[in-house]
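Protein chains in written order, with numbering that gives the first Met the number 0: chain P, 0 to 137; chain G, 0 to 137.
Each residue gets a CB set at the ideal place from its N, CA and C atoms; glycine is no exception.
Written out below as structure tokens is the structure these notes cover.
2 protein chains.
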Amino acid sequence: MLSKKTQYAFHALIHLAENADKGPILISEIAQEKNISIKFLENILLELKNAGILGSKKGKGGGYYLMRAPKEIPLARIIRLLDGPIALLPCVSLNYYERCETCKNEAVCGLNEVMSKVRDATLKLLENKTLKDILTRN
Amino acid sequence: MLSKKTQYAFHALIHLAENADKGPILISEIAQEKNISIKFLENILLELKNAGILGSKKGKGGGYYLMRAPKEIPLARIIRLLDGPIALLPCVSLNYYERCETCKNEAVCGLNEVMSKVRDATLKLLENKTLKDILTRN
DNA sequence: CTATATCCTATAGTTTTTATAGGATTTATG
DNA sequence: CATAAATCCTATAAAAACTATAGGATATAG
């Protein structure tokens, strides 16, 4: 399961996308709207900003805003940033690979093969679906 | 990522399947072969037994053995048993469903839609692939 | 100058995961 | 029947990860 952190990030990004025309949005506004602890959300938005996904403005009239169009933000990007690996096993992770200590030859390991397929099927969706795809459909 | 518990379970099941002709297998043998803490493994095998996946025999000549053919044991079964939900969000989980508190209408939620697709793609593999599919290929 | 809002880093609280301990029970066998 | 071998069972400890909070630093609008 995705962590609360990542779930909150998605909800916050959705709010920012749906209010992109209103200029910078306050942390407190998002927190209230989406029922998230304001201080926890603050940390999350900061991480998104440091990753270049969000921009911010300080002081009166400040807040957070998207740095790029929703369709340019793949869901996989958010998950990897806040949750880490998407793969089910370290030995099939593309971004967080670790060699399997138990199995002698990954090329012949059946578990590795199946989990690689799971990873591919998951990534095909999460890398192609973007913030735009999770906005409320009207 | 899958927990160590689930990873150990897979390795133990593989060992049991590959030595099914040798009668009951000792916990200690599996632990040594796969480099798993013997006491931790004991708990895992017990859970698998209580779930009807393994059988056991006590006393001298005892040990654990598979209760059914490897091709009858889907990987999803093991994961759900030891790791819980396979879905990325509670609101798209088939076996551990929980209503989303933030979104007003799941039928219209884009996040729900995408994560449902991820779940389906993952389950298509994990419910159809079995212990037989992860045995070493020779 | 002041109020506002993010920035930054530390830490506290909670839950989950991983691992260990030790006695109870069952069974094979001499 | 006594003994050794093995799983059964439950509790608890140790470590790690996750969730949340705190409070001062910094930047900016007006």
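Chain G contacts made by the stretch 3-16 of chain P, where a contact means CB separation under 8 Å: Q6, F9, H10 and I13
Minimum Cβ-Cβ distance from L1/G to chain P less than 7 Å: For the purposes of this step, residue 1/G is taken as the residue at position 2 of the second sequence. L1/G counts as touching chain P.
Helix, strand or coil at I13/G [DSSP, three-state]: Position 14 of the second sequence, counting from 1, holds the residue named residue 13/G. I13/G falls in the helix class under three-state DSSP.
Residue ranges of each beta strand (DSSP E) within the stretch 61-102 of chain P, 3 or longer: 62-65
L142/P at chain G interface by Cβ criterion, 7 Å: Absent from the model: residue 142/P. The displayed extent of chain P is 0 to 137, so no value can be given.
Span of the beta strand (DSSP E) around L134/P: As a position in the first sequence, residue 134/P is number 135, starting the count at 1. It is not in any beta strand (DSSP E) - L134/P carries neither H nor E in the DSSP assignment.
Check: I133/G C-beta below 6 Å from any heavy atom of the ligand PLP: This structure simply doesn't include the ligand PLP, nor any ligand for that matter.
Reduced DSSP secondary structure (H/G/I, E/B, other) of L53/G: Position 54 of the second sequence, counted from the start, is the residue given in the question as residue 53/G. Strand at L53/G.
C178/P versus L15/G - alpha carbon distance: With chain P represented from 0 up to 137, any question about residue 178/P goes unanswered, as that position is not in the structure.
Close beta carbons around L130/P, own chain, < 6 Å, minus the five adjacent residues each side: Here residue 130/P refers to the residue found at position 131 of the first sequence. Cβ neighbours of L130/P beyond the five flanking positions: L12, A16, P69 and I72.
Against chain P: residues of the stretch 20-37 of chain G by CB proximity under 8 Å: K33 and N34
For D20/G, the first and last residue of its enclosing alpha helix (DSSP H): Reading the second sequence from its first residue, position 21 is the one you call residue 20/G. Segment: none, D20/G is in no alpha helix (DSSP H) and carries neither H nor E.
Contact between the stretch 101-112 of chain P and the stretch 42-51 of chain P (3+ Cβ pairs under 8 Å): no
Cutoff 7 Å: A68/G Cβ touching any chain P Cβ: For the purposes of this step, residue 68/G is taken as the residue at position 69 of the second sequence. No, because no Cβ of chain P sits closer than 7 Å to the Cβ of A68/G.
8 Å contact criterion, which I37/G and A8/G should meet: CB distance rounded: Numbered from 1 along the second sequence, position 38 holds the residue referred to as residue 37/G. Numbered from 1 along the second sequence, position 9 holds the residue referred to as residue 8/G. 15 Å between Cβ atoms; not a contact.
Under 7 Å from the C-beta of P84/P: neighbouring residues of chain G: Here residue 84/P refers to the residue found at position 85 of the first sequence. Correct list: M0.
C-alpha distance - L84/G paired with G61/G, whole-angstrom precision: For the purposes of this step, residue 84/G is taken as residue 85 along the second sequence, with counting starting at 1. For the purposes of this step, residue 61/G is taken as residue 62 along the second sequence, with counting starting at 1. The amino acid occupying residue 84/G in the given sequence is Pro; Leu does not appear at that position. In a straight line, the C-alpha of P84/G is about 33 Å away from that of G61/G.
First through last residue of the alpha helix (DSSP H) which encompasses M114/P: Mapped onto the first sequence, residue 114/P falls at position 115. M114/P -> alpha helix (DSSP H) spans G109 to L125.
Spatial distance of L25/G from K4/G (CA atoms): By 1-based counting over the second sequence, the position of residue 25/G is 26. By 1-based counting over the second sequence, the position of residue 4/G is 5. Cα to Cα, L25/G sits roughly 18 Å from K4/G.
Simplified DSSP assignment, three categories, for I35/P: Position 36 of the first sequence holds residue 35/P. I35/P: coil per DSSP, three-state reduction.
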